[in-house]
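A quick write-up on the structure given underneath.
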Amino acid sequence: MHLGSDQVSDGGFAGDSNPAGGDDRCIRIAAAHSAARLYNGSRCHDGGERERCAGARGESSMRRLRNTFLKGLAAVLPVALTIYLVFWLARSAEAVLGGLLRTVLPADHYWPGLGTLAAFLLVLLAGFAVEVYVVRRLLRLGEAVLARIPVVKTIFGGLKDFTRFLPAGGGRDRDLKRVVAWRMASARLIGFVTQEQVNPRLFGASAEQLVAVYFPMSYQIGGYTLYVPREELEETDLSVEEAMRLVLIGGVGAPRAVEER
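In my numbering, the protein residues as written are 1 to 261.
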């Protein structure tokens with residue numbers, strides 16, 4: 001039997017329609033509350049109840065331990081993966097370019113890390129080279145060849161689309177500097193303007209009122225381009241990096257610029 005406050009009323013025990021005197025009533029109420037507290041507090045000392053209470057305490061402790069572990073994992077995992085990725089890239093560059101440099105340089109002229117430095121300089125040189133028209137033209141020809149090879153074109157296309165979201169990664173043909181929100185009834189859809197001027201051959205005279213907007217899907221599983229009327233778009237204060245991070249993780253974490261407001 002479980003004693004509780006619902007079994008005691010101001011007039012005595014529940015169902016007692018004929019309490020004794022005032023003092024006797026107070027004594028009975030106090031005794032009932034004390035008995036309820038003693039009984040409920042001592043259940044864990046009685047046989048099967050003891051095992052049940054111990055199991056409940058163990059389950060609660062395991063739940064707290066699991067939640068604490070998951071919090072720690074969420075805090076450590078992004079940093080650990082970032083460090084691992086940087087280390088992997090540096091080690092790969094050192095293994096490939098370092099091996100090439102050791103074949104052309106004397107042993108006493110090579111020092112650890114020279115391959116990583118060479119990789120950085122090569123990427124920097126490639127950045128300068130793509131500004132040259134001839135190099136740009138050759139790159140486009142190479143991309144056209146890769147885009148015709150089965151399987152390869154799928155991988156290359158996905159990587160190419162991803163690099164467009166890097167600063168200055170889209171080139172002149174795909175501007176992703178503007179982040180907009182498309183009004184859809186009472187909802188908003190985050191997108192990136194890719195063309196301010198739409199080719200009239202697509203939609204005729206109505207092309208002047210349209211803007212090409214790329215809408216990525218959460219968790220980088222795809223995306224689509226829509227031609228949206230200008231008046232249905234709202235400007236945002238988000239940078240491309242902030243908006244991409246917000247979209248790719250499904251809105252789980254807000255960008256710093258949003259959190260500070």
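Using N, Cα and C, we set each Cβ at its ideal position, and we do this for glycine too.
Values in this document were obtained by computation on a predicted structure and should not be read as measured data.
Expressed to the nearest angstrom, what Euclidean distance is found between the alpha-carbon atoms of residue 127 and residue 138?
In the sequence shown, the residue the question calls residue 127 occupies position 127. In the sequence shown, the residue the question calls residue 138 occupies position 138. The straight-line gap from Cα to Cα measures roughly 14 angstroms.
For residue 61, which residues in the same chain have their Cβ closer than 6 angstroms to its Cβ, ignoring the five residues on either side in sequence?
For the purposes of this step, residue 61 is taken as residue 61 along the sequence shown, with counting starting at 1. None.
How should residue 238 be labelled, buried or exposed, when 16 other C-beta atoms within 10 angstroms of its C-beta is the threshold for buried?
Locating residue 238 in the sequence shown gives position 238, counting from the first residue. Per the 10 Å Cβ criterion, buried.
Is residue 190 helix, strand or coil by DSSP?
For this step, residue 190 is matched to residue 190 along the sequence shown. Residue 190 falls in the strand class under three-state DSSP.
For residue 85, which residues of its own chain have a beta-carbon under 6 angstroms away from its beta-carbon, when the five flanking residues on both sides are left out?
The residue you call residue 85 lines up with position 85 of the sequence shown. No residues qualify anywhere along the chain.
If we call anything under 8 angstroms between Cβ atoms a contact, is residue 198 one with residue 227?
Here residue 198 refers to the residue found at position 198 of the sequence shown. Here residue 227 refers to the residue found at position 227 of the sequence shown. Going by C-beta atoms, residue 198 is nearer than 8 angstroms to residue 227.
Tell me the DSSP secondary structure of residue 248 in three-state form.
Start at 1 with the first residue of the sequence shown, and residue 248 comes out as number 248. DSSP places residue 248 in helix when its eight states are reduced to three.
Under 8 angstroms by Cβ, that's how I've got residue 213 and residue 196 pegged, so tell me the actual separation to the nearest angstrom.
Here residue 213 corresponds to residue number 213 of the sequence shown, with the count starting at 1. Here residue 196 corresponds to residue number 196 of the sequence shown, with the count starting at 1. The Cβ separation is near 10 angstroms, so there is no contact.
Where residue 104 and residue 114 are concerned, what is the direct C-alpha to C-alpha distance, given to the nearest angstrom?
On the sequence shown, position 104 is the one that residue 104 refers to. On the sequence shown, position 114 is the one that residue 114 refers to. Answer to the nearest angstrom: the Cα atoms are 13 angstroms apart.
Would you report the Cα separation of residue 222 and residue 216, rounded to the nearest angstrom?
For the purposes of this step, residue 222 is taken as the residue at position 222 of the sequence shown. For the purposes of this step, residue 216 is taken as the residue at position 216 of the sequence shown. Approximately 6 angstroms, taken between the alpha carbons.
Between 190, 108, 125, 111, which has its C-alpha nearest residue 247's C-alpha?
Looking up residue 247 in the sequence shown gives position 247. Of 190, 108, 125, 111, the residue nearest in Cα terms is 190.
Three or more C-beta pairs under 8 angstroms: does that hold for the region 90 to 104 against the region 65 to 75?
Too few Cβ pairs lie closer than 8 angstroms, so no.
Looking at the structure shown, is residue 185 part of a helix, part of a strand, or coil, going by DSSP?
For the purposes of this step, residue 185 is identified with residue 185 of the sequence shown, where counting begins at 1. Three-state result, residue 185: coil.
Kindly indicate which three-state DSSP category residue 222 falls into: helix, strand or coil?
By 1-based counting over the sequence shown, the position of residue 222 is 222. Three-state DSSP puts residue 222 in coil, outside helix and strand.
What's the C-alpha gap between residue 150 and residue 136?
Within the sequence shown, residue 150 is the residue found at index 150, counting from 1. Within the sequence shown, residue 136 is the residue found at index 136, counting from 1. The straight-line gap from Cα to Cα measures roughly 24 angstroms.
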